[in-house]
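Q: Protein sequences, first through last, are from chains A and B. Just so you know, the working numbering puts 186 at position 186 of the first sequence, and the rest follows in order with no gaps. Just so you know, the working numbering puts 1089 at position 89 of the second sequence, and the rest follows in order with no gaps. Glycine is no exception: its CB is placed at the ideal position from the N, C-alpha and C atoms. What follows is a structure written as structure tokens; I'll ask about it next.
2 protein chains.
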Amino acid sequence: MSNLAGQGDPAVSMSLLWAPAGDRATATPGPKPGLSVDLIVEAGISVADTASMAGLSMRAVAERLGRTSMALYTYVPGKAELLDLMYDRAHAELGGPRPPEDGWRPGVLSWVAELKEFYLRHPWVLQVSYARAVLGPNEQAVLETLLDVLFTTGLPADVLRGVVGSLFHYVRGFAQTIAETALAAATQEDWWRERSGMLDEVAPDFAERFPLSVRLGRETAAGGGGREWSWERQLDATFDAGLTVILDGVEAAVRAQGVRR
Amino acid sequence: MSNLAGQGDPAVSMSLLWAPAGDRATATPGPKPGLSVDLIVEAGISVADTASMAGLSMRAVAERLGRTSMALYTYVPGKAELLDLMYDRAHAELGGPRPPEDGWRPGVLSWVAELKEFYLRHPWVLQVSYARAVLGPNEQAVLETLLDVLFTTGLPADVLRGVVGSLFHYVRGFAQTIAETALAAATQEDWWRERSGMLDEVAPDFAERFPLSVRLGRETAAGGGGREWSWERQLDATFDAGLTVILDGVEAAVRAQGVRR
DNA sequence: AACGATAGCTTATGGCATAAGGAGTTCGCA
DNA sequence: TGCGAACTCCTTATGCCATAAGCTATCGTT
């Protein structure tokens, strides 16, 4: 629980984010720097990957580098700015230009799949707000990659803005659900059973109060013989279903535009 | 930055969440309780509303009630559980059964609008994960309300699960964007200009590196004479555009089903 | 050789959640 | 009427956290 919103001074973060790689060439007096911003960002990402956001402390990062927490402040103004840098750096795993695919729909699908995998590798990224004041090059590249595909639809920018928003929010939101479910399931096995047992005990009238919710959870594909799916498969199937709906919406817009022309 | 994921002991939170109102009837020895769980939850919501998640501390909540932080621990096991209760209680503002509307689309639209307003009134709710282990009656009621509308489409549960996910994630994600932009704009006037100036200075080659992103931001509705919109209107328009895409996707599914029948 | 800039240290401050234990309050029951 | 048990709320202490301040050792420059 904390300020996901107001990160560090945007101006400071931004200049660090967009600084060319070999900016500091001139030799200076004093001891050689034993660390670098890059190293610290790297270490921060490792810590966040393994210990999650809650475990990300300046000390933890420093310890991974064999320093005390205060050593980091020589390189980085503070934790908030470090997080800004980590966030953007992590996105460097993605966002390269991609081979053209046949049509926008497969293109979007593979972009979505890649982004989802990325979020599941680095769930802490999802705790950093999507709409921050700071903006980094790698994050921007991810958007640009998506636009590469989306602009081929010929849809107007107004509509595309909405499409971009729905795709990003959908992937982010769903990835968070998956990540947290996985965490809960890992922490405690037989998690679903535990949870529904809890609910039965504490709210025996649940089925009467929320019949549609129960129905939503129970009903499976008409064809299925009632097989119990693992929560992974269930979630994946739901993810795909929702994505299909969104993309069908895009397709409708594309078709409508074709007619209008 | 902290554990939005793992809240308190789910079992404890759940029993508090689903406890009937007048549970404690029997008189007990000891001084009369000066507080109650309800009062504390109420106070917590006030604190979070005004001071946001970052300002939500046990002390702040207790001070609002004229107590020390430790007094709260008599009623509530800890901060994590308090947050679970706050989250669900806040949702009580919503979720009542609603008058039937003509068709599912207006129904969903008004549900979305109401939920969006709610999130903007209580942005801290968005910092609490949507997919938590605990589940409260009021949050559940919000889902049930949506399902009331969605099941009239006759779509199978598989698809509806996806629709529910895309709607929830879209509204949550977008509301967060709006809330944070509003916060930034309030903190610092002329925020957009400041921000783009910063970008120009630090990344003068932005337009060449990310041409499509620039195009996405610049192009406005074909009809418009290039009027500068306020960010509020711009965001609202984008929100509506994305929502339209999603609902068009639902409509496509409904139509396809009608044909298949 | 001496100077001044710098890296990374120790220490201190003020915030946080919350464990531990103590003091006063009010009930049921003798 | 009075005692003990149960209860509320407090003070205090512990151990986290970020980070301000200042110190020391290092090293390029003069």
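Apart from the five residues on each side of it in sequence, which residues of its chain come closer than 7 Å, Cβ to Cβ, to Q1257(B)?
A: To locate residue 1257(B), count along the second sequence from 1; it is residue 257. Excluding positions up to five away in sequence, the list reads G1154, L1155.
Q: Got a sec? Which residues, its chain only, sit under 8 Å from L1035(B) by beta carbon, not counting five neighbours each side?
A: The residue labelled residue 1035(B) in the question sits at position 35 within the second sequence. Around L1035(B): L1065, R1067, A1071, L1072, T1074, Y1075.
Q: In angstroms with no decimal places, state the Cα-to-Cα distance between L160(A) and L1216(B).
A: Looking up residue 160(A) in the first sequence gives position 160. Looking up residue 1216(B) in the second sequence gives position 216. Those two C-alpha atoms are separated by around 8 Å.
Q: Output the distance between the C-alpha atoms of G1006(B) and Q176(A), rounded to the nearest integer angstrom.
A: Along the second sequence, read from residue 1 onward, the residue named residue 1006(B) stands at position 6. Along the first sequence, read from residue 1 onward, the residue named residue 176(A) stands at position 176. Residue confidence is low: G1006(B) scores 47 on pLDDT, short of 50, so the model does not pin down where it sits. Its coordinate-derived value is still stated next. Taking the straight line from one Cα to the other gives about 12 Å.
Q: What residues of chain A sit near V1163(B), judged by a beta carbon separation below 9 Å?
A: Taking the second sequence and counting its residues from 1, one reaches residue 1163(B) at position 163. The answer, in chain order, is A241, G242, V245.
Q: Going residue by residue through the segment 1083-1144 of chain B, where are the continuous beta strand (DSSP E) segments of at least 3 residues, counting only ones entirely within it?
A: Taking only runs of at least 3 residues, no beta strand (DSSP E) segment lies wholly in the segment 1083-1144 of chain B.
Q: With distances taken Cα to Cα, identify the nearest neighbour of M1058(B) among A1182(B), M1086(B), P1031(B).
A: The residue you call residue 1058(B) lines up with position 58 of the second sequence. It is M1086(B).
Q: By the 7 Å beta-carbon criterion, what residues does the segment 103-127 of chain A contribute toward chain B?
A: From the segment 103-127 of chain A, only Q127 have a Cβ closer than 7 Å to chain B.
Q: If G165(A) sits next to G1165(B), beta carbons under 8 Å apart, how far is it from one beta carbon to the other, in whole angstroms?
A: Position 165 of the first sequence, counting from 1, holds the residue named residue 165(A). Position 165 of the second sequence, counting from 1, holds the residue named residue 1165(B). That pair is no contact at about 15 Å.
Q: In angstroms with no decimal places, state the Cα-to-Cα distance between P99(A) and W1191(B).
A: Counting from one through the first sequence, the residue named residue 99(A) turns up at place 99. Counting from one through the second sequence, the residue named residue 1191(B) turns up at place 191. Taking the straight line joining both Cα atoms gives about 37 Å.
Q: Give me the Cα-Cα distance between S1129(B) and L82(A), rounded to the nearest whole angstrom.
A: To locate residue 1129(B), count along the second sequence from 1; it is residue 129. To locate residue 82(A), count along the first sequence from 1; it is residue 82. If I take the Cα positions, the gap works out to 23 Å.
Q: State the Cα-Cα distance for the pair K32(A) and E139(A), rounded to the nearest angstrom.
A: Within the first sequence, residue 32(A) is the residue found at index 32, counting from 1. Within the first sequence, residue 139(A) is the residue found at index 139, counting from 1. For K32(A) and E139(A), the distance between alpha carbons rounds to 32 Å.
Q: For the alpha helix (DSSP H) that F168(A) lies in, which residues bound it at each end?
A: Locating residue 168(A) in the first sequence gives position 168, where the first residue counts as 1. First-last of the alpha helix (DSSP H) with F168(A): 157-187.
Q: Can you have a look at W1229(B) and say buried or exposed, based on whether 16 or more other CB atoms are within 10 angstroms of its CB?
A: For the purposes of this step, residue 1229(B) is taken as the residue at position 229 of the second sequence. Flag for W1229(B) reads exposed.
Q: Start and end of the alpha helix (DSSP H) containing P1204(B)?
A: Along the second sequence, read from residue 1 onward, the residue named residue 1204(B) stands at position 204. That residue, P1204(B), is in no alpha helix (DSSP H); it is neither H nor E in DSSP.
Q: According to DSSP, is A256(A) part of a helix, a strand, or is it coil?
A: Translated into the one-based positions of the first sequence, residue 256(A) becomes position 256. Three-state result, A256(A): helix.
Q: Are L212(A) and L1147(B) closer than 7 Å when you measure CB to CB?
A: Position 212 of the first sequence, counted from the first residue, corresponds to residue 212(A). Position 147 of the second sequence, counted from the first residue, corresponds to residue 1147(B). It is a contact, given that the beta carbons lie within the stated cut-off.
Q: At 7 Å on the CB atoms, spell out the chain A contacts of W1018(B), in chain order.
A: Position 18 of the second sequence, counted from the first residue, corresponds to residue 1018(B). By Cβ distance, chain A contributes V202, A203.
Q: Quick check: the Cα distance between L109(A) and V1163(B), rounded to an integer number of angstroms?
A: Working through the first sequence from its first residue, we reach residue 109(A) at position 109. Working through the second sequence from its first residue, we reach residue 1163(B) at position 163. Roughly 17 Å separates the two Cα atoms.
Q: Residues in the segment 133-150 of chain A with C-beta within 8 Å of chain B's C-beta atoms, listed in sequence order?
A: So the list reads A133, L135, P137, Q140, A141, L143, E144, L147, D148, given in the order they occur along the chain.
Q: By the DSSP assignment, the alpha helix (DSSP H) with E1063(B) in it spans what residues?
A: Here residue 1063(B) corresponds to residue number 63 of the second sequence, with the count starting at 1. Where E1063(B) is concerned, the enclosing alpha helix (DSSP H) stretches over 1058-1064.
Q: Kindly list the residues whose CB is nearer than 8 Å to the CB of R970(B), restricted to its own chain and excluding five residues on each side of it in sequence; keep chain order.
A: The shown model of chain B, from 1001 to 1261, leaves out residue 970(B), and the question about it has no answer.
Q: So, with DSSP's three-state summary, where would you put F1151(B)?
A: The residue given as residue 1151(B) occupies position 151 in the second sequence. Here F1151(B) sits in helix by DSSP.
Q: Check whether the Cβ atoms of M1198(B) and A11(A) lie closer than 7 Å to each other.
A: Counted from its first residue, the second sequence places residue 1198(B) at position 198. Counted from its first residue, the first sequence places residue 11(A) at position 11. Yes, these two residues count as a Cβ contact at 7 Å.
Q: Determine, using beta carbons only, whether G1008(B) comes closer than 7 Å to chain A.
A: Position 8 of the second sequence, counted from the start, is the residue given in the question as residue 1008(B). It does not; no Cβ of chain A falls within 7 Å.
Q: If you compare alpha carbons, which of K1079(B), F1168(B), F1151(B), A1090(B) is closest to V1112(B)?
A: Residue numbering aside, residue 1112(B) sits at position 112 when the second sequence is read from its first letter. Measuring from the Cα of V1112(B), the nearest candidate turns out to be F1168(B).
Q: On the criterion of 16 or more Cβ atoms from any shown chain inside 10 Å, does A1141(B) qualify as buried, or is it exposed?
A: Taking the second sequence and counting its residues from 1, one reaches residue 1141(B) at position 141. Label assigned to A1141(B): buried.
Q: From A207(A) to A179(A), what distance separates their C-alpha atoms?
A: In the first sequence, the residue the question calls residue 207(A) occupies position 207. In the first sequence, the residue the question calls residue 179(A) occupies position 179. Answer to the nearest angstrom: the Cα atoms are 27 Å apart.
Q: Span of the alpha helix (DSSP H) holding A1048(B)?
A: Here residue 1048(B) corresponds to residue number 48 of the second sequence, with the count starting at 1. Counting along the chain, the alpha helix (DSSP H) containing A1048(B) begins and ends at 1037-1051.
Q: Count the other C-beta atoms from every protein chain shown that fall within 10 angstroms of the C-beta of R89(A), then say buried if there are 16 or more, exposed otherwise.
A: Locating residue 89(A) in the first sequence gives position 89, counting from the first residue. The residue is buried, with at least 16 neighbouring Cβ atoms inside 10 Å.
Q: Since Q176(A) meets chain B, which of its residues come closer than 8 Å, beta carbon to beta carbon?
A: For the purposes of this step, residue 176(A) is identified with residue 176 of the first sequence, where counting begins at 1. What Q176(A) touches in chain B: S1129, Y1130, A1131.
Q: Given this structure, state the Cα-to-Cα distance separating T265(A) from D1158(B), to the nearest angstrom.
A: Here chain A covers residues 1 to 261 and nothing more, so residue 265(A) does not appear.
Q: Within 7 Å (strictly less), CB to CB, does M1001(B) reach chain A?
A: To locate residue 1001(B), count along the second sequence from 1; it is residue 1. Caution applies to M1001(B), whose pLDDT of 37 falls short of 50 and renders its modelled position unreliable; the value that the coordinates give is listed next. So yes, M1001(B) belongs to the interface.
Q: Just the C-alpha distance for D1084(B) and A27(A), rounded to the nearest angstrom, thanks.
A: Here residue 1084(B) refers to the residue found at position 84 when the second sequence is read from its first residue. Here residue 27(A) refers to the residue found at position 27 when the first sequence is read from its first residue. Approximately 54 Å, taken between the alpha carbons.
Q: Specify the secondary structure class of P217(A) as computed by DSSP and reduced to three states.
A: The sequence position of residue 217(A) within the first sequence is 217, counting from 1. The sequence shown places Gly at residue 217(A), not Pro. Helix.
Q: Round the Cβ separation of P249(A) and A1252(B) to the nearest angstrom and send it over; I've been treating them as touching at under 8 Å.
A: Numbered from 1 along the first sequence, position 249 holds the residue referred to as residue 249(A). Numbered from 1 along the second sequence, position 252 holds the residue referred to as residue 1252(B). The sequence shown places Gly at residue 249(A), not Pro. At roughly 7 Å, the Cβ-Cβ gap stays under 8 Å, so G249(A) and A1252(B) are in contact.
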